[in-house]
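Residue numbering for the sequence shown follows this note's numbering, beginning at 251 and increasing consecutively. We treat Cβ as the ideally placed atom computed from N, Cα and C, and that holds for glycine. Remember, predicted model here, so these are calculated numbers, not experimental data.
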Amino acid sequence: MNIKTTDTRDKILKTAEQLIYQNGIHAMGMDLLVKTSGVARKSIYRHFANKEDVASAALTERDERWMQWFRSESDKGETPQERILNMFTALTSWFESDGFRGCAFINTAGEVGDPEDPVRQIAKMHKQKLLDYVLELTGQLNVENPEALAKQLLILLEGAITMSYVMGDLKAAGNAREIARLMLEQASPGK
Numbered sequence: 251m252n253i254k255t256t257d258t259r260d261k262i263l264k265t266a267e268q269l270i271y272q273n274g275i276h277a278m279g280m281d282l283l284v285k286t287s288g289v290a291r292k293s294i295y296r297h298f299a300n301k302e303d304v305a306s307a308a309l310t311e312r313d314e315r316w317m318q319w320f321r322s323e324s325d326k327g328e329t330p331q332e333r334i335l336n337m338f339t340a341l342t343s344w345f346e347s348d349g350f351r352g353c354a355f356i357n358t359a360g361e362v363g364d365p366e367d368p369v370r371q372i373a374k375m376h377k378q379k380l381l382d383y384v385l386e387l388t389g390q391l392n393v394e395n396p397e398a399l400a401k402q403l404l405i406l407l408e409g410a411i412t413m414s415y416v417m418g419d420l421k422a423a424g425n426a427r428e429i430a431r432l433m434l435e436q437a438s439p440g441k
């Protein structure tokens with residue numbers, strides 16, 4: 251019974267995430283979720299109190315999965331510098347993947363006006379995790395201000411995502427990678 255319950259919950263969340271990513275939170279109504287997932291409305295409400303709960307859970311799972319993928323790809327580098335530059339290589343592969351629609355967290359945060367809304371809080375948490383990871387890497391460098399460098403690199407990452415999605419610029423991550431490389435050279439001692 252638990253396996254079936256988990257499978258049903260996973261199916262709801264996977265479908266909700268796809269609908270949110272493709273169409274946005276406001277377009278993902280419960281009727282569409284029922285129709286697309288094939289899960290009865292009553293079953294959905296057994297797992298979630300409302301649409302907002304479904305959306306929050308789906309975005310939380312996306313955050314965990316995306317961060318795990320991003321870290322895994324970035325961490326293929328042997329040095330902190332290589333890992334930092336690999337972040338942009340990972341973005342390039344994401345931009346070139348089927349169905350790329352930008353950052354789900356930026357997209358959904360843009361749909362919600364209230365900064366205290368759970369969806370905005372999840373988006374903020376996701377970006378904080380990304381900043382924390384970049385800070386973890388810059389903290390391994392011999393640089394004067396690793397926190398400032400991490401924040402600058404985060405802006406490059408976010409800018410590349412936005413340029414790729416909004417402008418259709420598949421070279422955005424490569425361009426941002428080159429800027430990051432120059433920044434790392436500048437931040438190194440003796441420069």
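In the structure shown, K421 adopts coil according to DSSP, grouped into three states.
Looking at the backbone, the Cα of K326 and that of V384 are separated by about 15 angstroms. Excluding sequence positions up to five before and after G279, its CB lies within less than 8 angstroms of the CB of K301, all in the same chain and listed in chain order.
Within the region 299-369, not a single complete beta strand (DSSP E) segment reaches 3 residues in length. With a cut-off of 8 angstroms on Cβ pairs, the region 343-362 is in contact with the region 259-279, counting three or more such pairs. Our two residues, T310 and A423, have alpha carbons roughly 25 angstroms apart in a direct line. With the rule of 3 Cβ pairs closer than 8 angstroms, the region 367-374 does not count as touching the region 390-408.
With respect to the C-alpha of D382, the residue from A290, N425, G409 and I334 having the closest C-alpha is I334.
Per DSSP, reduced to three states, the secondary structure at A290 is coil, with no helix or strand assignment. A Cβ-Cβ separation of about 12 angstroms leaves L407 out of contact with F345 under the 8 angstroms criterion. Under the criterion of beta carbons closer than 8 angstroms, I270 and A308 qualify as touching, at roughly 6 angstroms. Its chain contains P368, V369 and I372 as the residues whose beta carbon lies nearer than 7 angstroms to that of S306, once the 5 sequence neighbours on both sides are disregarded; these appear in chain order.
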